[in-house]
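Below is one structure, written out as structure tokens, with a few remarks after it.
2 protein chains.
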Amino acid sequence: MTLAEQVFHQLRRDIVSGKLKPMQPLRLDHLKKLYGVGFSPLREALNRLQSERLVQSVALRGFTVAPASQREMWDAIETRILIETRALRLSIALGDDDWESRLVGSLHALTLQHKRMADNNAAASADEDEALEARHQEFHATLISACGSERLIDFAQKLYIQTERYRYSGLHQRLPVGDRDVRAEHGALLSAAIDRDADRAAALLKRHYRLTGEMLDRTFDPSLGEKKAMSS
Amino acid sequence: MTLAEQVFHQLRRDIVSGKLKPMQPLRLDHLKKLYGVGFSPLREALNRLQSERLVQSVALRGFTVAPASQREMWDAIETRILIETRALRLSIALGDDDWESRLVGSLHALTLQHKRMADNNAAASADEDEALEARHQEFHATLISACGSERLIDFAQKLYIQTERYRYSGLHQRLPVGDRDVRAEHGALLSAAIDRDADRAAALLKRHYRLTGEMLDRTFDPSLGEKKAMSS
DNA sequence: TAAACCTAAATCTTCGAAAATCTGACCTAT
DNA sequence: ATAGGTCAGATTTTCGAAGATTTAGGTTTA
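Laid out in structure tokens, this is it:
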């Protein structure tokens, strides 16, 4: 793995986790010391992050962490619904036995991780959180993986990362989940996909993302939710 | 404008125009001499082109021009229809007087350019072609400019450039337009938008892009079309 | 013969200094 | 007071050499 790729992943994690705050200027000298690399891999990583909408830049005036707001969050969520419901319908139409099997497998892996963390009533470690996030991403990626369109998959992946930012804040504010049963939502999604019921699956996916968004709305307007907890 | 931006635009033109062929390896030493710049701006431009799907890269093995195929073309077209019909519906719902006015203005500019080039029965110069392309892009960008979603606009712009590649080949093969009246299609689109008839506008837009795709299908299977002409 | 192992050339990646540009403070003239 | 101009410091952008990796060809070995 090249240095540029390593820095890309580190920077991405630091932005998604909020260690680097929205709108914060990213000065090259500072990042150079922080990550211990030269200008070239830094610029390469920042350029790639820009196409993921995690950083912004103005020529000759440097890079900043992309702003985060409720409006941006809902734009990402609604665009993601548009892209992924289409991709899911295509996957359901085109997916073969192998796709179904991978789907069952990735939900199982997600469930295992979920259960382990639920049993363990101590606060989840950062590693466990990351593992859960990876399983979650894997399940949603598998759902649309048989759609046959590289572009839909690519857009969906970018939008996933954009929304990850907001989920992370919610996670660390220990937002109440409300009366949601996220595991059941995933299970219903799998059933609909295996039943090849595209309408039902698309509706479930849309609701899944909207519910997440509504839960995260409380991140922005604390009066709607319970008391805010500190992050980390 | 920085060197990296200049090289980005030059490289993009050379790929869209086919001067750099699909799958062609892009060796840095070669590009360095070709564009007269150092490694840094080259890499920056290539990285940006990668996020536009005009180049591909593998770490430590360099960059290549992205492949072009009928399948890729239709993927870009159908994804574009998904994105732009949504964005157009939103624009029609949200657009104000200013939007309508800009729309009328940009169609007029497109029509003027179109007429000038039609009157001039000599072969169009590269400059005229570029001007027409710019007007065309401007009209389609204006159509969706009031949608309120930066992400939809961003995706649409990237997909426009991806399809531009294929339109360029068609243009220079002097494909017969068939019984299409492209100017009328644009006019009908404007009417539907101003009438705030979202269903009609979305249907027209979809048909507009599909017809273009079907025309360009002949680029890949010459037996379907008339005799092929040389490019330039 | 085919596989594994070298070696040299080609190529990509990274570094830090140098060049170019921006920012803000200070000065001047109206 | 305000607009415009100038300069130093901070910052980004660019360059080419040096480092790292891949590729291709030839050699050895089983």
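Protein sequence lines correspond, in order, to chains V and S.
If you use the numbering used here, the first sequence corresponds to residues 14 to 245, in order.
If you use the numbering used here, the second sequence corresponds to residues 14 to 245, in order.
Heads up, the beta-carbon is just placed ideally off N, CA and C, and yes, glycines get one too.
- Here the alpha carbon of S:E57 sits roughly 20 angstroms from the alpha carbon of S:P80.
- Against chain V, the CB of S:R164 has a partner CB under 8 angstroms away; the residue lies at that interface.
- Straight-line spacing of the CA atoms in V:R220 and V:S64 works out to 28 angstroms.
- Along the segment 95–119 of chain V, going in chain order, the ones with a CB nearer than 7 angstroms to a CB of chain S are L95, R99.
- For V:E18, the closest Cβ of chain S is nearer than 8 angstroms.
- Counting the other CB atoms within 10 Å of its CB gives V:T15 a total below 16, which places it among the exposed residues.
- The beta carbon of V:Q23 lies closer than 7 angstroms to those of Y48 in the same chain, with the five residues before and after it left out.
- Leaving aside the five residues that flank V:A197 on each side, none in its chain has a CB nearer than 7 angstroms to its CB.
- Bridge pairing for S:P38: S:T77 [DSSP].
- Within the segment 41–101 of chain S, the complete alpha helix (DSSP H) runs of at least 4 residues fall at 41–48, 52–64.
- Within the same chain, and ignoring the five residues on either side of V:A159 in sequence, the residues whose Cβ sits closer than 6 angstroms to its Cβ are S104, L107, G108, W112.
- Excluding five sequence positions before and after S:A137, the CB atoms of its chain that fall closer than 8 angstroms to its own CB belong to M130, L145, given in chain order.
- Assigned with DSSP and collapsed to three states, S:S30 falls in coil, not helix or strand.
- The segment 93–101 of chain S makes contact with the segment 149–166 of chain S: 3 or more CB pairs, one atom from each, lie closer than 8 angstroms.
- In this structure, the straight-line span from the alpha carbon of V:G161 to that of S:L125 is close to 40 angstroms.
- Looking at S:T225, S:D132, S:Y181, S:R115, the one whose alpha-carbon comes closest to that of S:E143 is S:Y181.
- Using beta-carbon distances, S:R56 counts as an interface residue toward chain V, with a partner under 8 angstroms.
- Apart from the 5 residues on each side of it in sequence, V:P35 sits with its Cβ closer than 6 angstroms to the Cβ of V78, P80, A81 in its chain, given in chain order.
- The beta carbon of S:R213 does not come within 8 angstroms of any beta carbon belonging to chain V, so the residue lies off that interface.
- If you check the CB distance, S:K45 and S:F52 come in under 8 angstroms.
- Of the candidates V:R61, V:D210, V:G118, the residue whose Cα lies closest to the Cα of V:R25 is V:R61.
- Counting other Cβ atoms within 10 Å of its Cβ, V:R84 stays below 16 and is therefore classed as exposed.
- Excluding sequence positions up to five before and after S:S30, its CB lies within less than 8 angstroms of the CB of Y181, all in the same chain and listed in chain order.
- Contact annotation: V:L224 and V:L202 have beta-carbon atoms that are not nearer than 8 angstroms.
- DSSP places S:A205 in the uninterrupted alpha helix (DSSP H) bounded by 195–207.
- For V:G118, the enclosing alpha helix (DSSP H) has its first and last residue at 110–132.
- Of the residues assessed, S:R164 falls on the buried side of the cut-off, its CB having 16 or more other CB atoms within 10 angstroms.
- Annotation: the continuous alpha helix (DSSP H) that includes V:M228 extends over 211–233.
- For the pair S:R231 and S:E18, the Cα-to-Cα distance works out to about 34 angstroms.
- Following the DSSP letters along the chain, one finds V:D142 inside the alpha helix (DSSP H) bounded by residues 139–156.
- Taking a C-beta distance under 8 angstroms as the contact criterion, V:L120 and V:G75 do not qualify as a contact pair.
- The three-state secondary structure of V:D167, taken from DSSP, is helix.
- Look at S:A17 here: in three-state DSSP terms it is helix.
- Collapsing the DSSP output to three states places V:L172 in a helix.
- Ranked by Cα distance from V:L67, the first of V:L41, V:T92, V:Q37, V:D208 is V:Q37.
- With contacts defined by Cβ atoms closer than 8 angstroms, V:F168 and S:F152 do not form a contacting pair.
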